[in-house]
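S.K.:
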Amino acid sequence: MENDKNLKNWLTDFHLTHPLVIAGPCSAETEDQVLKIAHELKNSDVSIFRAGIWKPRTRPGGFEGVGAIGLKWLQKAKAETGLLMAVEVANAAHVKLALEHDIDVLWIGARTTVNPFAVQEIADALRGTHKIVLLKNPVNPDLSLWIGGLERLYQANIQKLGVIHRGFSTYEKTKYRNNPEWQIAIDFQNRFPDLPLICDPSHITGKRDMIQEVSQQALDLNYDGLIIETHIDPDNAWSDVAQQVTPSVLKQILIDLRVRKITDDADEFTQKMTKLRTQIDDYDRKILEILGNRMQIADQIGWLKKEKNVAILQNKRWNEILEKMIQDGTQKGLSEEFVVHLFKAIHQESISHQEIIMNK
Ligand code: PEP
Ligand code: MN
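96 is the number of the first residue of the sequence shown in this note's numbering; add one for each residue after it.
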């Protein structure tokens, strides 16, 4: 499929504009809510209306979606607004119901992409249909699992394919709900330049005030579209409260976005630079996050030392660390001088933290 040049054709077949915008609530809640949001979004830059009907929840007890009744509301919304309708499917039964209700776009959620059995079941249920299918990245940062899912769909002869980048889970808290790991999406894009790539800033950020920034980053990286959770009353949404925006905020986000020209020579340079700078920014952010976490551990050591009345500076341990780091660092192409400089600065910061603790 890497040589197939027609994978973006469905965008033009459906007269979908650049960037493609998919919007709608995290979950369909009531008929009234679905219809109100859909009406607010018609005659805008939004071409596809999204709403979750079956909601995969991390823990039991949350709102698990309204189920098949929601498909009727979407049919009504489609008839009244002309928007294409999209739902998440996680098994063959969902696919069957979505097809019966003439849903246009089926997306496979991040928790489903991790499971090859489930993706295969969905691919088989879709064989012979002409639906648009969008595959979210798996929750874990595994490029081949994402590609494997895509191959299963492609082998089932599903031609109107696209992928959604929604970020990846991390155990450590970061400023994102799901770490974007732009590098993975860039690798994906380099491998499948003709496959529509859509960014999901809602699930990446988990916070409505970061959606603009991440959407812009995606467009700067030449993504084909955005999927943005939009709710008439975000603060009272039944799921994903913090990340949904109102239709009017969405319109403002779209007005404020700088849409890049798709290609010209000068643009190619800019795009390459943007990709590289995004990777540098990603690493810089990770370096700071790791240093912050390291310092928290140093603080805990400080409290232990205070409790046991042990001296802050432990020369033997420090010399061992430094030696090990010089060895590892030089193997990675870093100069000894730089490694020593860096670790002296880190060590000094830990000592200052521990001194504060000792004097408390
Ligand atoms: C969703 O789009 O509402 C959703 C559940 O997303 P994800 O699969 O990315 O968590
Ligand atoms: Mn959601």
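All C-beta atoms in this analysis are idealised placements derived from N, C-alpha and C, irrespective of residue type, glycine included.
Let me know the secondary structure DSSP gives Asn274 once reduced to three states.
M.R.: strand
S.K.: Would you mind reading off the limits of the alpha helix (DSSP H) that contains Leu130?
M.R.: 126-136
S.K.: Under the three-state reduction of DSSP, which class applies to Ala118: helix, strand or coil?
M.R.: strand
S.K.: In its own chain, which residues sit with a C-beta less than 8 Å from the C-beta of Lys411, not counting the 5 before and 5 after it?
M.R.: none
S.K.: Exposed or buried, which one is Leu64 when buried takes at least 16 other CB atoms within 10 Å?
M.R.: Outside the shown range of the chain, which is 96 to 455, sits residue 64, and nothing can be said about it.
S.K.: From the DSSP output, read off the bridge partner residues of Lys231.
M.R.: Ile259
S.K.: So Gly320 is in the beta strand (DSSP E); what residue range does that whole segment cover?
M.R.: 320-324
S.K.: Using a Cβ distance threshold of 8 Å, determine whether the region 370-382 contacts the region 329-348, with at least three qualifying pairs required.
M.R.: With fewer than three CB-CB distances shorter than 8 Å, the region 370-382 does not count as touching the region 329-348.
S.K.: Below 7 Å, is the gap between the Cβ of Asp335 and the nearest heavy atom of ligand 2?
M.R.: Placement of the Cβ of Asp335 at a distance of less than 7 Å from at least one heavy atom of ligand 2 is found.
S.K.: From Ala172 to Pro275, what distance separates their C-alpha atoms?
M.R.: 32 Å
S.K.: Buried or exposed: Ile203, going by 16 or more other Cβ atoms within 10 Å of its Cβ?
M.R.: buried
S.K.: Would you check if the distance between the CB atom of Val228 and the CB atom of Leu256 is smaller than 8 Å?
M.R.: Yes; because the gap between Cβ atoms is below 8 Å, this pair is in contact.
S.K.: Could you give the DSSP three-state label for Val309: helix, strand or coil?
M.R.: helix
S.K.: To the nearest angstrom, how far is the alpha carbon of Ser445 from that of Met390?
M.R.: 6 Å
S.K.: Roughly how many angstroms separate the alpha carbons of Thr107 and Asp319, rounded to a whole number?
M.R.: 12 Å
S.K.: Val116: buried (16+ other C-beta within 10 angstroms of its C-beta) or exposed?
M.R.: buried
S.K.: So Phe263 and Val309 are supposed to be a Cβ contact under 8 Å. How far apart are they, rounded?
M.R.: Not really, about 14 Å apart at Cβ, beyond 8 Å.
S.K.: Using 7 Å as the cut-off, classify the Cβ of His298 as near or not near the heavy atoms of ligand 2, replying yes or no.
M.R.: yes
S.K.: Between the alpha carbons of His225 and Gln128, how many angstroms are there, rounded?
M.R.: 29 Å
S.K.: Nearest by alpha-carbon distance to Ile401: which of Ala205, Glu450, Tyr249 is it?
M.R.: Contrary to the premise, residue 401 reads as Lys rather than Ile in this sequence. It is Glu450 whose Cα lies nearest to the Cα of Lys401.
S.K.: When you measure from the CB of Glu159 to every non-hydrogen atom of ligand 1, does any distance come out below 7 Å?
M.R.: no
S.K.: Please report how far the alpha carbon of Asp197 lies from the alpha carbon of Thr365, in whole angstroms.
M.R.: Rounded to whole angstroms, Asp197 to Thr365 spans 41 Å at the Cα level.
S.K.: According to the Cβ coordinates, are Ile253 and Ala205 closer than 8 Å?
M.R.: no
S.K.: For a test of the three-state rule: what should DSSP assign to Gly387, helix, strand or coil?
M.R.: helix
S.K.: Where does Leu179 sit, in a helix, a strand or coil, going by DSSP?
M.R.: strand
S.K.: When DSSP labels each residue in this structure, what does Val435 get in the three-state scheme?
M.R.: helix
S.K.: Measure the alpha-carbon distance for Asp328 versus Ala181 and round it to whole angstroms.
M.R.: Linking Asp328 to Ala181 through their CA atoms gives a straight-line distance of about 20 Å.
S.K.: Kindly examine ligand 1 and report whether one of its heavy atoms sits closer than 7 Å to the Cβ of Lys231.
M.R.: yes
S.K.: How long is the line joining the alpha carbons of Gln443 and Thr369, rounded to whole angstroms?
M.R.: 35 Å
S.K.: How should Phe283 be labelled, buried or exposed, when 16 other C-beta atoms within 10 angstroms of its C-beta is the threshold for buried?
M.R.: Counting Cβ neighbours within 10 Å, Phe283 comes out buried, since at least 16 surround it.
S.K.: Taking only heavy atoms of ligand 2 into account, decide whether any of them is closer than 7 Å to the Cβ of Glu124.
M.R.: no
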